[in-house]
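S.K.: Counting in this note's numbering, the sequence shown runs without a single skipped number right up to 72 at its last residue.
We put the CB at the ideal spot given by N, CA and C, even for glycine.
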Amino acid sequence: TYLLPYFTRFDFIVNGEDIKLIEVNCDTPTGYLEPSVANEVLCRYHDVNHPNHIEEHIVQAWEQIKHDYNIG
Numbered sequence: 001t002y003l004l005p006y007f008t009r010f011d012f013i014v015n016g017e018d019i020k021l022i023e024v025n026c027d028t029p030t031g032y033l034e035p036s037v038a039n040e041v042l043c044r045y046h047d048v049n050h051p052n053h054i055e056e057h058i059v060q061a062w063e064q065i066k067h068d069y070n071i072g
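1) Roughly how many whole angstroms lie between the Cα atoms of Ile71 and Gly16?
2) Check whether the Cβ atoms of Asn25 and Glu40 sit closer than 9 Å, and answer yes or no.
3) Put Asn49 into one of helix, strand or coil per three-state DSSP.
4) Glu56 lies in the alpha helix (DSSP H); which residues open and close that run?
5) Quick one: residues in its chain with C-beta nearer than 7 Å to the C-beta of Val35, no 5 flanking neighbours on either side, listed in chain order?
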């Protein structure tokens with residue numbers, strides 16, 4: 001079973017006009033914790049908006065997997 005397209009996350013940084021890929025996270029499930037929990041904690045601490053909606057996308061990905069593999 002090949003699940004890479006469902007669970008790979010690319011981390012980019014933007015500096016002026018440059019965009020650089022700094023990390024590819026494909027070691028599920030550790031790729032979930034940083035963008036969902038840790039980023040939200042840091043954003044609250046610094047009183048800025050949390051830009052990620054990864055929780056919604058994780059649910060959508062699992063729904064797609066259930067559909068694709070006829071699970072549940």
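M.R.: According to the structure shown:
1) 45 Å
2) no
3) coil
4) 54 to 68
5) At residue 35 the sequence reads Pro, which differs from the Val that was named. Closer than 7 Å at the Cβ level, and outside the excluded window around Pro35, lie Arg9, Asn52, Ile54.
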